[in-house]
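S.K.: Quick one: the structure is below, and I'll ask about it shortly.
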Ligand code: SF4
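Residue numbers (the working numbering): 77 to 391.
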């Protein structure tokens, strides 16, 4: 079936020259200002980093060792790749002095199997000096910065204790894109009090950002988090979409995004032991792509066919 949206994988293949690419997550031992007391000790109410961290990742191991073990882990499950992208995933991976960041990024890039980096971080932990350094890396290899934007609505960001507003995210995205660096965004769908209509209304705001890629996440409620407590107290504040309803919302959002933004993820998935509730019993995240293809076909819709906003200039 023809893809009616811009997929991320072909772009990554073109940018790296590799046919089979693996993303290897690493935990470089960072924390974040929303955990270490700079902004708060509580963290974002949904956050549980260990749920997303693969077993081979540990800040007690060197970056090189995590890459070696990650490659072996993925090769055993999905076969060999001809290039790896190292994903600095855990916590905020620009939240340290530049010399420490440089040493960690360079260690990853020195690994012979590594063709690029993806740096996941908060939008309030970058500055001109760090971004200028990343530009230098991006001249040698593929490098992207991914920001946790989560929502365009400041009330929602306050509610989830994000401790930055949307304007901060917008500025970070613009400053990164202005340097010619690929920029990704993470957005959570299904946060408290969000309806399908409020989420679809956010799409034109996202469309105006100079993003290269977008990752969507259906809110997953992790055990032992403030979000889990809220869900137990006030479950009616949380949408209970079926997988089909979620795909309908995604299709409407994607129609409002420009084709220049690649769609990298439709939802994340963690081991069930971390989850308080399990959305879509039996439906795996990987199945959502086929559902989206069929829904876009039914609607005779394409990414961007309802997009009337142009992203701001990258340079
Ligand atoms: S989601 Fe990111 S910024 Fe928020 S508490 Fe977790 S690591 Fe920190």
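Using N, Cα and C, we set each Cβ at its ideal position, and we do this for glycine too.
Keep in mind the model is a prediction, meaning the values are calculated, not measured.
Kindly list the residues whose CB is nearer than 6 angstroms to the CB of residue 109, restricted to its own chain and excluding five residues on each side of it in sequence; keep chain order.
M.R.: Closer than 6 angstroms at the Cβ level, and outside the excluded window around residue 109, lie 115.
S.K.: When every heavy atom of the ligand SF4 is checked, does at least one fall within less than 7 angstroms of the C-beta of residue 95?
M.R.: Because no heavy atom of the ligand SF4 lies under 7 angstroms away, the Cβ of residue 95 does not count as near it: no.
S.K.: On the DSSP bridge list, what partners appear for residue 385?
M.R.: Paired residues: none, contrary to the question.
S.K.: CA-CA distance, residue 86 and residue 309?
M.R.: Residue 86 and residue 309: Cα-Cα distance of roughly 44 angstroms.
S.K.: Helix, strand or coil for residue 346? Go by DSSP, reduced to three states.
M.R.: In the structure shown, residue 346 sits in coil (DSSP, three-state: anything other than H, G, I, E or B).
S.K.: Whole-angstrom Cβ separation of residue 192 and residue 219, contact assumed at under 8 angstroms?
M.R.: Rounded, the Cβ-Cβ distance is 6 angstroms, consistent with contact.
S.K.: Drop a sphere of 10 angstroms on the beta-carbon of residue 386, count the other beta-carbons inside from all chains shown, and report buried for 16 or more, exposed for fewer.
M.R.: Exposed, since its Cβ has fewer than 16 Cβ neighbours within 10 Å.
S.K.: If you reduce the DSSP assignment to three classes, tell me which class residue 84 lands in.
M.R.: Three-state result, residue 84: helix.
S.K.: On the criterion of 16 or more Cβ atoms from any shown chain inside 10 Å, does residue 256 qualify as buried, or is it exposed?
M.R.: Exposed is the call here.
S.K.: DSSP on residue 289, reduced to helix/strand/coil?
M.R.: Residue state, collapsed to three classes: strand.
S.K.: Can you check which of these residues, 346, 225, 117, is closest to residue 360 by C-alpha distance?
M.R.: Here the closest residue by C-alpha is 346.
S.K.: Of the choices 139, 324, 357, whose alpha-carbon is the least far from that of residue 187?
M.R.: Looking at the Cα atoms, 139 is the closest of the given residues.
S.K.: How long is the line joining the alpha carbons of residue 81 and residue 341, rounded to whole angstroms?
M.R.: Roughly 12 angstroms between the two C-alpha positions.
S.K.: Relative to the ligand SF4, what is the chain-ordered list of residues with a Cβ closer than 6 angstroms to any of its non-hydrogen atoms?
M.R.: Result (chain order): 108, 110, 111, 119, 120, 123, 125, 167, 168, 198, 224.
S.K.: CB residue 333 to CB residue 279, shorter than 8 angstroms?
M.R.: It is a contact, given that the beta carbons lie within the stated cut-off.
S.K.: May I have the straight-line CA-CA distance separating residue 166 from residue 226, to the nearest angstrom?
M.R.: So the two alpha carbons sit approximately 16 angstroms from each other.
S.K.: Hey, quick one: how far does the beta strand (DSSP E) through residue 183 stretch, first residue to last?
M.R.: Premise fails: residue 183 lies in the alpha helix (DSSP H), 174-186, not in any beta strand (DSSP E).
S.K.: For a test of your reading of the model: does the CB of residue 115 fall under 7 angstroms from any non-hydrogen atom of the ligand FMN? Yes or no.
M.R.: Looking for the ligand FMN in the displayed structure turns up nothing; the ligands present are the ligand SF4.
S.K.: Output the boundary residues of the alpha helix (DSSP H) element that contains residue 127.
M.R.: 125-128 is the span of the alpha helix (DSSP H), which, as asked, contains residue 127.
S.K.: For residue 338, write down the residues that DSSP places opposite it in a beta bridge.
M.R.: Per DSSP, 289.
S.K.: Residue 141 to residue 381, Cα distance in whole Å?
M.R.: Roughly 45 angstroms separates the two Cα atoms.
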